[in-house]
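A.B. asks:
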Amino acid sequence: MADQEITLMKGNEAIAHAAIRCGCDGYFGYPITPQSEVLETLAAEKPWETTGMVVLQAESEVSSINMVYGGASTGKKVMTSSSSPGISLMQEGISYMAGAELPALIVDVMRGGPGLGTIQPSQSDYFQACKGGGHGDYHLIVLAPASVQEMADFVDLAFTLAFRYRNPAMILADGAIGQMMEKVVLPPFKPRRTEEEIIKECPWATTGRVGGRKPNIITSLELRSEEMEVINLRIQAKYREIEEKEVRFEEFMLDDADYAIVAFGSAARIAKKSIEIARSQGIKVGLLRPITLWPFPTKEVQKLAERVKGILSLEINAGQMVEDIRLAVEGKVPVRHFGRLGGIIPDPDEVVDALKRSF
Amino acid sequence: MAKMKGATVVDTERCKGCNLCVVACPLDVLALTTKEVNRKGYNFAHEVLADTCTGCASCATVCPDGCITVYRLKTE
Amino acid sequence: MTREEIIEKGQVVYHKPTLLNDTPMHYCPGCSHGVVHKLVSEVIEEMEMTEKTIAISPVGCAVFAYKYIDVDWQEAAHGRAPALASATKRLWPDRLVFTYQGDGDLACIGTAETIHALNRAENITIIFINNAIYGMTGGQMAPTTLLGMKTATCPYGREVSLHGYPLKVTEIAATLDGTCYVTRQAVHTVAAINRAKKAIRKAFEYSMQGKGSNLVEIVSTCNSGWKMSPEKANKWMEENMFEFYHLGDLKDAGADK
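Chains as they are written, first to last, in the numbering used here: chain A, 6 to 364; chain B, 398 to 473; chain C, 435 to 691.
1) Using DSSP with H/G/I as helix, E/B as strand and the rest coil, what is A/W53?
2) How would you write the range of the alpha helix (DSSP H) that A/N322 sits in, first residue to last?
3) Using the Cα positions of A/V334 and A/G315, report the straight-line distance between them to the nearest angstrom.
4) Can you tell me which of the three DSSP states C/V603 falls into?
5) What does C/E485 reach in chain A if we use C-beta pairs closer than 8 Å?
6) Are the C-beta of C/I558 and some C-beta of chain B separated by less than 7 Å?
7) Buried or exposed for C/E673, going by 16 or more other Cβ atoms inside 10 Å?
8) Between the C-alpha atoms of B/D425 and B/T449, what's the straight-line distance to the nearest angstrom?
9) State yes or no: is the beta carbon of B/P423 nearer than 7 Å to at least one beta carbon in chain C?
10) Given that A/Y33 touches chain C, what residues does it touch there, using C-beta distances under 7 Å?
11) Out of A/R214, A/A103, A/K81, A/Q9, point me to the one whose CA is closest to C/E485's CA.
12) Using CA atoms only, rank isn't needed, just tell me which of A/E106, A/G139, A/E54, A/L61 is closest to A/Q241.
13) Any residues in the stretch 35-54 of chain A with a beta carbon nearer than 9 Å to a beta carbon of chain C? Which ones, in chain order?
14) Using a beta-carbon distance below 7 Å, is C/Y448 in contact with chain B?
15) So C/E665 contacts chain B; which residues on that side make the cut at Cβ distance below 9 Å?
16) Confirm, please, whether the CB-CB distance from A/Y35 to A/S65 is below 7 Å.
17) Does DSSP classify B/C418 as helix, strand or coil?
18) Under 8 Å, with one C-beta from each stretch per pair, do the stretch 266-277 of chain A and the stretch 316-332 of chain A reach the 3-pair mark?
19) If you run the structure through DSSP and keep just helix, strand and coil, what is A/Y170?
20) With a CB to CB cut of under 8 Å and the five nearest residues on each side skipped, what residues in its chain are close to A/M95?
21) Please classify B/A398: is it buried, with 16 or more other beta-carbons within 10 angstroms of its beta-carbon, or exposed?
22) Residues in its own chain within less than 7 Å of A/I236 by CB, not counting five upstream and five downstream?
23) Within the 7 Å Cβ cut-off, does C/Q508 reach chain B?
24) Rounded to whole angstroms, what's the CA-CA distance from A/P208 to A/E202? Just pull it up for me.
25) Tell me which same chain residues have a C-beta within less than 7 Å of the C-beta of B/M401, skipping the five on either side of it?
26) With which residues is B/R469 paired in a DSSP beta bridge?
27) Within the same chain, show all residues whose beta-carbon is closer than 8 Å to that of C/L393, passing over the 5 residues directly before and after it, in chain order.
28) Look at the alpha carbon of A/R274 and the alpha carbon of A/A151, and state the distance between them as a whole number of angstroms.
29) Can you give the Cα-Cα distance for C/G646 and C/A521, rounded to whole angstroms?
30) Can you look up A/T46 in the DSSP assignment and give me helix, strand or coil?
31) Could you work out which residue in C/R514, C/I440, C/L453 is closest to A/P220 when comparing CA atoms only?
32) With C/R618 as the anchor, note down where its alpha helix (DSSP H) starts and where it stops.
33) Is it the case that the Cβ atoms of A/P192 and A/R362 are separated by a distance below 7 Å?
34) Of all Cβ atoms in chain B, is any one closer than 7 Å to the Cβ of C/C614?
35) Could you confirm whether any beta carbon from chain B is found closer than 7 Å to the beta carbon of C/M435?
36) Return yes when the Cβ of A/A19 is within less than 7 Å of the Cβ of A/M156, no when it is not.
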């Protein structure tokens, strides 16, 4: 089976191939290191000649995200990708899409900040991804891949969740996952939906008043406070449902663990090696890897706090996810953070040292 | 000789009394009310020289709110 | 012959376009927006494109355009309408896609989106209402405010040393290879309104023929912002705006594309 063929590629390339294969209708992006291979791969693959997918290099991230806003408004499966500074620029459009309840995929291949920062890997966009990085009360559905395989697999998953809840979804990868080459089995080809299917599946979409139906309006604007509150409450209810149903995580050697590391993406890979080293020294430690950063696996962290003596949040940042862990743990056990900054990926040994220092 | 006779019907509740139709009418058919107002409190356009209207529709064309419907009939 | 007889037996020579619904428009009395809304509605109706139109509204006075013209609308963030339109048209090539934007939206915060969408030859139309002032926020200086013109943020008149020069976006658009039809119109008289309607129709048709991007600027009044009666605002526009913003076609490459 050609579809099952194992290939070797970068995480960024896997995103592009998976997009074409999952029936994505349009990609709109702007080059920025370390994710430019997404647009480069799409440009080289020319999907407009095969699946009919639109690929467009915009004049800025601001424009890219607003192209996604327009495309998503028509019910099409559209996406963009960028890296941290570009995502900061996109936050206005992301807020509008969350407000207008539009399904779309945003890929953030994180680099270190603040400001122009560095082009090296980082996980310091946890806040702007998970806390609603723009204005207003909103959330994105945030998936954190830890391998090139997950980069490929999460494209379709993100679109599925985005359309299920009419909410933008984000793949929050770090520069290491974007740039590393690994073996990957690309997902099978799925045809793009026909216009008739889109009109049927997305009766809210601005596709033109086909069949003389009443006009569809995509907007996030409502000047009447009472109405705006109703809209907000409806969106919040949707978020509670997502929190209830869509939490995803991986557990690793937690059964007998005295201590737990919580880590996502590249940090989770480092954590596994650190756990091996620690266990060889007689320290029983395991890993909880959130796959959805929002909704955060709050209940799982709570359960963890019932049975371990301490939790270490391992992040490639100055300590962002650790806040959500502490909120979940409610002081039951000590929660510490360890991370490296400036684009440095922690070494497994220094993680073990941090474990020993922390507890 | 054939002559055009016109008539205008103003949606007085929609009218905001901007006076642009009054200015546009070449035959001074329309004017704003001076005392009477609509539910929004605007003086509204109405015919004051109805007989002279030729149905040229200038008033309706310039009306920003689409308040005016114009009818025209050819008479001998 | 009585008025009633004319109404009963005569033909309707003008009626509000049916695409313009009965919702009272929030625009100030005499505002040019209403006339342009009527023209857009009439053209869509006459082209029989009601079921195939996707429009993008701006941030500014026309933000609520979607409440009045009964087609599908996307309400964009400030200045970003051309980006939404670009994607929409590329994803639905047989749809009539246009944006409706004011001078603050198009010529200031959204200049990049405007220029690049036009120059990519997106098969869309941009309708640009230029009244040289920010209407919705209460009459502040626009990029198109004339020198010497007083606004809430240049209360002593626009000065080059303080504020720079007014921007002629339409002239810039005419130099772009991506544009097909670039024109500047007005809607202050019956004749001007008829010309503006023809321009909108031409732009829409070119966009559907895949000839590239089209920009229809409508030099407009903002009688509230200018603090004049609608009638005086029209006169002021003729005497001051037209001198700087010349009316007419700046580019019509329809035959060559």
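All C-beta atoms in this analysis are idealised placements derived from N, C-alpha and C, irrespective of residue type, glycine included.
C.D. replies: Checking against the coordinates, here is how it stands:
1) As a working note, residue 53 of chain A is residue 48 in the first sequence. The answer is helix: DSSP assigns A/W53 an H, G or I state.
2) For this step, residue 322 of chain A is matched to residue 317 along the first sequence. Counting along the chain, A/N322 falls outside any alpha helix (DSSP H), and DSSP gives it neither H nor E.
3) Reading the first sequence from its first residue, position 329 is the one you call residue 334 of chain A. Reading the first sequence from its first residue, position 310 is the one you call residue 315 of chain A. About 10 Å.
4) To locate residue 603 of chain C, count along the third sequence from 1; it is residue 169. Assignment of C/V603 by DSSP, reduced to helix, strand and coil, places it in the helix class.
5) Here residue 485 of chain C is taken as the residue at index 51 of the third sequence, counted from 1. Chain-order list of chain A residues neighbouring C/E485: G213, R214, V215, G216, G217, by C-beta distance under 8 Å.
6) Translated into the one-based positions of the third sequence, residue 558 of chain C becomes position 124. Closer than 7 Å: no.
7) Residue mapping note: residue 673 of chain C aligns to position 239 of the third sequence, counting from 1. With fewer than 16 Cβ atoms within 10 Å of its Cβ, C/E673 is classed as exposed.
8) Mapped onto the second sequence, residue 425 of chain B falls at position 28. Mapped onto the second sequence, residue 449 of chain B falls at position 52. C-alpha separation (whole angstroms): 8 Å.
9) Here residue 423 of chain B corresponds to residue number 26 of the second sequence, with the count starting at 1. Chain C, which has no Cβ nearer than 7 Å to the Cβ of B/P423, makes this no.
10) Counted from its first residue, the first sequence places residue 33 of chain A at position 28. A quick correction: the sequence has Phe, not Tyr, at residue 33 of chain A. Here the neighbours are A521.
11) Residue 485 of chain C sits at position 51 when you count from the first residue of the third sequence. With distances taken between Cα atoms, C/E485 lies closest to A/R214.
12) Your numbering for residue 241 of chain A matches position 236 in the first sequence. Residue A/E106 is the option with its Cα nearest to A/Q241.
13) none
14) Within the third sequence, numbered from 1, the residue matching residue 448 of chain C stands at position 14. By this cut-off, C/Y448 is an interface position.
15) Here residue 665 of chain C refers to the residue found at position 231 of the third sequence. Simply C415, N416, L417, V419, V420.
16) Numbered from its first residue, the first sequence carries residue 65 of chain A at position 60. Numbered from its first residue, the first sequence carries residue 35 of chain A at position 30. Their beta carbons are under 7 Å apart, which means A/S65 touches A/Y35 by this criterion.
17) For the purposes of this step, residue 418 of chain B is taken as the residue at position 21 of the second sequence. Helix at B/C418.
18) yes
19) Locating residue 170 of chain A in the first sequence gives position 165, where the first residue counts as 1. A/Y170: helix per DSSP, three-state reduction.
20) As a first step, residue 95 of chain A must be located in the first sequence, where it is residue number 90. E66, V67, S69, I70, T85, S87, I111, listed in sequence order.
21) The residue labelled residue 398 of chain B in the question sits at position 1 within the second sequence. A quick correction: the sequence has Met, not Ala, at residue 398 of chain B. Residue environment analysis places B/M398 among the exposed positions, since fewer than 16 neighbouring C-beta atoms fall within 10 angstroms of its C-beta.
22) For the purposes of this step, residue 236 of chain A is identified with residue 231 of the first sequence, where counting begins at 1. Same-chain partners within the cutoff: E227.
23) Reading the third sequence from its first residue, position 74 is the one you call residue 508 of chain C. Taking 7 Å as the threshold, the shortest C-beta distance from C/Q508 to chain B does not fall below it.
24) Your numbering for residue 208 of chain A matches position 203 in the first sequence. Your numbering for residue 202 of chain A matches position 197 in the first sequence. Rounded to whole angstroms, A/P208 to A/E202 spans 10 Å at the Cα level.
25) In the second sequence, counting from the first residue as 1, residue 401 of chain B sits at position 4. Taken in chain order, the residues that qualify are T451, G452, R469, K471.
26) The residue you call residue 469 of chain B lines up with position 72 of the second sequence. B/R469 is bridged to B/G403, C/Q445.
27) Here chain C has residues from 435 to 691 only, and residue 393 of chain C is not among them.
28) Numbered from its first residue, the first sequence carries residue 274 of chain A at position 269. Numbered from its first residue, the first sequence carries residue 151 of chain A at position 146. Cα-Cα distance, rounded: 7 Å.
29) Walking along the third sequence from the start, residue 646 of chain C turns up at place 212. Walking along the third sequence from the start, residue 521 of chain C turns up at place 87. Their Cα atoms are separated by approximately 14 Å.
30) Indexing the first sequence from 1 puts residue 46 of chain A at position 41. A/T46 falls in the helix class under three-state DSSP.
31) In the first sequence, residue 220 of chain A corresponds to position 215, counting from 1. Measuring from the Cα of A/P220, the nearest candidate turns out to be C/L453.
32) The count along the third sequence starts at 1 and reaches residue 618 of chain C at position 184. Element bounds for C/R618: not the alpha helix (DSSP H) but the beta strand (DSSP E), 613-620.
33) Residue numbering aside, residue 192 of chain A sits at position 187 when the first sequence is read from its first letter. Residue numbering aside, residue 362 of chain A sits at position 357 when the first sequence is read from its first letter. Against a cut-off of 7 Å, the Cβ pair of A/R362 and A/P192 comes out as no contact.
34) Locating residue 614 of chain C in the third sequence gives position 180, where the first residue counts as 1. With 7 Å as the cut-off, C/C614 does not count as an interface residue toward chain B.
35) Mapped onto the third sequence, residue 435 of chain C falls at position 1. Yes, C/M435 lies at the interface with chain B (some Cβ there is under 7 Å from its Cβ).
36) To locate residue 156 of chain A, count along the first sequence from 1; it is residue 151. To locate residue 19 of chain A, count along the first sequence from 1; it is residue 14. Their beta carbons are under 7 Å apart, which means A/M156 touches A/A19 by this criterion.
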